[in-house]
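Undergrad: Oh and the sequence shown: position 96 is 95 in numbering that gives the first Met the number 0, straight run, nothing missing.
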Amino acid sequence: MKSIYLPLVSSEDLLPLPRYKQLAVSLAKAGGKENRFTKIDIIGWPFLAYKLEKSGGYLIFDETLKLSTEIKTYIVQDYERISSILDNSKDENEILNYITSIKWGDTKGSSVLSFRGIIEQNMQDIFKLGNSDIPARIIDKSLKEIDIELSISDIEKTMEKIKDDINNIERAEEKIKTTIEIIKGRKAEDKKRVEEEFNKKILEKSQILKENVGKVKKAIEEEVGNTSKQLYSKLTDIEVLIAKAEIDMEAGYVENVNSVYTVKNKYLSEINQKINEIKEKYKKEIHRIVEDINSLKIEKQTEINRINNKIQELDNIQNQAIIQLEQIKKEQLTSLDRLAKLPKFLSFMEDRVEVIVPFMVLEGNNRILISPQIYKGGKKAFFGILKKDPSEISTQINGIEFLLNNFSWNTVDSLRKYKEEIEKGLKELSEEGWNVKKSLDEYYT
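Here it is as structure tokens:
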């Protein structure tokens with residue numbers, strides 16, 4: 000199996016610096032201007048990139064088994080059984096009551112699956128640093144072949160189980176939609192039937208109205224005409240009386256003719272009353288038919304509104320169920336996505352590659368960890384002035400934080416044996432403008 004020892008410090012174009020300079024840059028970064036240490040060690044954290052045949056990606060294992068990936072999954076309801084019950088139910092009310100009685104988004108519980116040793120985080124930026132000869136003390140490995148096999152098997156089984164759950168959820172969604180659509184179809188047929196029945200009745204009444212209007216017009220024409228002729232014929236006599244009375248008033252025989260005008264007005268009022276009584280008699284007959292038509296229209300709209308409300312209620316029942324199912328499906332899809340993304344696509348040719356990630360561990364008043372870095376470079380300082388702060392000498396590689404947060408290994412003082420190399424590196428850094436100490440001893444208390 001191929002082993003790659005990653006560099007502690009690389010150049011900006013991601014090429015490992017010479018070993019002596021890697022050690023010097025890491026030491027200078029941690030030491031800064033004032034820090035001193037009692038122990039300095041270089042520890043190598045071993046990882047295994049294991050290629051999967053199915054996906055072609057690599058599972059990354061922490062060979063120390065210190066790290067693990069935890070993924071929460073839900074124990075979903077038996078949606079297959081629920082769908083079967085809907086299939087076997089025929090009564091509409093029974094079906095709707097059943098759908099509304101189920102809390103579709105509820106689960107039977109959840110479980111947190113722990114995949115020991117498997118790394119979920121993306122370490123691609125770290126793994127592309129290349130090989131180096133950095134002297135690292137490798138942490139004891141606990142990963143065994145059986146651990147790899149069991150982890151792969153557990154991941155595959157879990158993914159299949161979640162896929163089955165999602166399929167059952169989607170089938171339940173489809174069953175609900177189909178069931179509701181069938182019932183809505185029946186309601187649409189009811190609505191069409193109601194419209195046809197009432198439209199037929201309204202049309203019949205409208206035809207009766209049309210016929211009656213014609214008959215009434217003829218009847219009213221005859222009765223009003225005859226009555227008017229009879230009544231207005233007497234008005235001639237009254238007009239003659241008025242004319243004579245006005246002559247008498249003109250001659251001074253009478254002071255006024257008000258009484259005669261009163262008779263005329265009273266008689267005209269009686270005529271109007273008689274004519275209106277005739278008209279009202281016929282209007283009542285028409286009004287009765289119009290009221291029947293309006294009543295049918297109101298009854299029709301009431302029935303249609305009732306059906307529309309039922310259809311809206313069906314939509315609400317469906318939406319509520321689907322929203323709940325989509326939420327639990329989303330949770331399962333999130334878990335499935337995390338599992339699917341565990342294999343990483345790395346630029347290795349081999350099926351198995353061991354990658355050693357180095358850390359410089361410095362113990363003093365507190366512990367300082369230096370993980371793989373990118374050296375910023377430098378130019379020679381003029382006359383030794385304006386030298387740069389060594390704490391700014393490098394930047395940390397992306398994606399390493401989770402390792403720093405979980406680093407808890409014991410250290411030994413192993414750096415002194417590289418004193419000559421380190422001091423060569425410190426001298427070079429000083430010439431490149433960094434304010435570093437001259438000897439390794441100056442970094443110790």
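The beta-carbon is built from N, C-alpha and C at its ideal position, and this holds for glycine as well.
CA-CA distance, residue 354 and residue 158?
TA: Answer to the nearest angstrom: the Cα atoms are 27 Å apart.
Undergrad: In chain order, what residues of the same chain have a beta carbon less than 6 Å from the beta carbon of residue 23, not counting five sequence neighbours either side?
TA: If we look at residue 23 and ignore the five residues flanking it on each side, its Cβ neighbours are 421, 424, 425 and 428.
Undergrad: Candidates 298, 126, 92 and 386: which alpha carbon is nearest residue 344's?
TA: 126
Undergrad: Helix, strand or coil: how does DSSP classify residue 102 here?
TA: coil
Undergrad: Can you tell which of 9, 360, 283 and 108 has the C-alpha that lies nearest to the C-alpha of residue 131?
TA: 9
Undergrad: Considering only C-alpha positions, which residue in the set 438, 360 and 387 is nearest to residue 407?
TA: 360
Undergrad: According to DSSP, residue 40 sits in a beta bridge with which residue or residues?
TA: 360
Undergrad: Contact check, residue 369 vs residue 25 under 8 Å by CB: the rounded distance?
TA: 5 Å
Undergrad: The beta strand (DSSP E) with residue 88 in it runs from where to where?
TA: Counting along the chain, residue 88 falls outside any beta strand (DSSP E), and DSSP gives it neither H nor E.
Undergrad: Cutting at 8 Å between CB atoms, please list the residues of its own chain near residue 94, excluding the five before and the five after it.
TA: 85, 88, 178 and 182
Undergrad: Nearest to residue 47 by CA position, among 117, 68, 113 and 70, is which residue?
TA: 117
Undergrad: For residue 338, I'd like the list of residues in its chain whose CB is within less than 7 Å of its CB, leaving aside the five on either flank, ordered along the chain.
TA: 70, 154, 157 and 158
Undergrad: I'd like the ranges of any beta strand (DSSP E) spanning at least 3 consecutive residues and lying wholly in the stretch 9-81.
TA: Runs of beta strand (DSSP E) with 3 or more residues, each lying fully within the stretch 9-81, are found at 38-50, 57-61 and 67-75, listed in chain order.
Undergrad: Just to confirm before moving on: does the CB-CB distance between residue 388 and residue 20 stay below 9 Å?
TA: No, the Cβ-Cβ distance between residue 388 and residue 20 is not below 9 Å.
Undergrad: Need the endpoints of the alpha helix (DSSP H) that residue 294 sits in, please.
TA: 257-339
Undergrad: Straight-line CA distance for residue 315 to residue 401?
TA: 46 Å
Undergrad: Counting beta carbon pairs with one atom in the stretch 290-298 and one in the stretch 161-170, are three or more of them shorter than 8 Å?
TA: no
Undergrad: Is residue 435 helix, strand or coil when you go by DSSP?
TA: Residue state, collapsed to three classes: coil.
Undergrad: I want to know whether the stretch 316-330 touches the stretch 200-218 - three or more CB-CB distances under 8 Å.
TA: no
Undergrad: Got a sec? Which residues, its chain only, sit under 7 Å from residue 207 by beta carbon, not counting five neighbours each side?
TA: 288
Undergrad: Return the CA-CA distance between residue 191 and residue 300, expressed in angstroms with no decimal places.
TA: A straight line joining the alpha-carbon of residue 191 with that of residue 300 spans about 12 Å.
Undergrad: Which residue's Cα is closest to the Cα of residue 443: 13, 7 and 34?
TA: 34
Undergrad: Counting only the same chain and skipping the five closest in sequence on each side, list residues whose C-beta sits under 7 Å from that of residue 110.
TA: 72 and 74
Undergrad: Under the assumption that residue 151 contacts residue 45 (Cβ atoms under 8 Å), give the Cβ distance between them as a whole number of angstroms.
TA: Their Cβ separation, rounded to whole angstroms, is 19 Å, which puts residue 151 and residue 45 out of contact at 8 Å.
Undergrad: Quick one: measure Cβ to Cβ for residue 323 and residue 104, integer angstroms, because I've assumed they're closer than 8 Å.
TA: Yes, residue 323 and residue 104 are in contact; Cβ-Cβ is about 3 Å, under 8 Å.
Undergrad: How long is the line joining the alpha carbons of residue 302 and residue 278, rounded to whole angstroms?
TA: 36 Å
Undergrad: Within a Cβ cutoff of 8 Å, which residues of the same chain sit near residue 54, ignoring the five residues on either side of it in sequence?
TA: 342
Undergrad: Does the distance from the C-beta atom of residue 42 to that of residue 415 stay below 9 Å?
TA: no
Undergrad: If you draw a straight line from the alpha carbon of residue 445 to that of residue 115, how long is it in whole angstroms?
TA: The chain is shown only over 0 to 444; residue 445 falls outside these bounds and no answer can be derived.
Undergrad: Figure out for me which residue from 1, 57 and 102 has the closest Cα to the Cα of residue 320.
TA: 102
Undergrad: Going by DSSP, which residues form a beta bridge with residue 110?
TA: 72
Undergrad: Might you give, ordered along the chain, the residues of its own chain that have their beta carbon closer than 7 Å to the beta carbon of residue 99, omitting 5 neighbours on each side?
TA: 316
Undergrad: What's the call for residue 78, buried or exposed, on a 16-neighbour Cβ count within 10 Å?
TA: buried
Undergrad: Inspect the beta-carbon positions of residue 363 and residue 37 and report whether they are closer than 9 Å.
TA: Cβ distance < 9 Å, so residue 363 and residue 37 count as in contact.
Undergrad: Roughly how many whole angstroms lie between the Cα atoms of residue 228 and residue 306?
TA: Cα to Cα, residue 228 sits roughly 57 Å from residue 306.
Undergrad: Since residue 460 contacts residue 281 with CB under 8 Å, what's their CB separation in whole angstroms?
TA: Any answer about residue 460 is impossible in this case: the structure gives the chain only from 0 up to 444.
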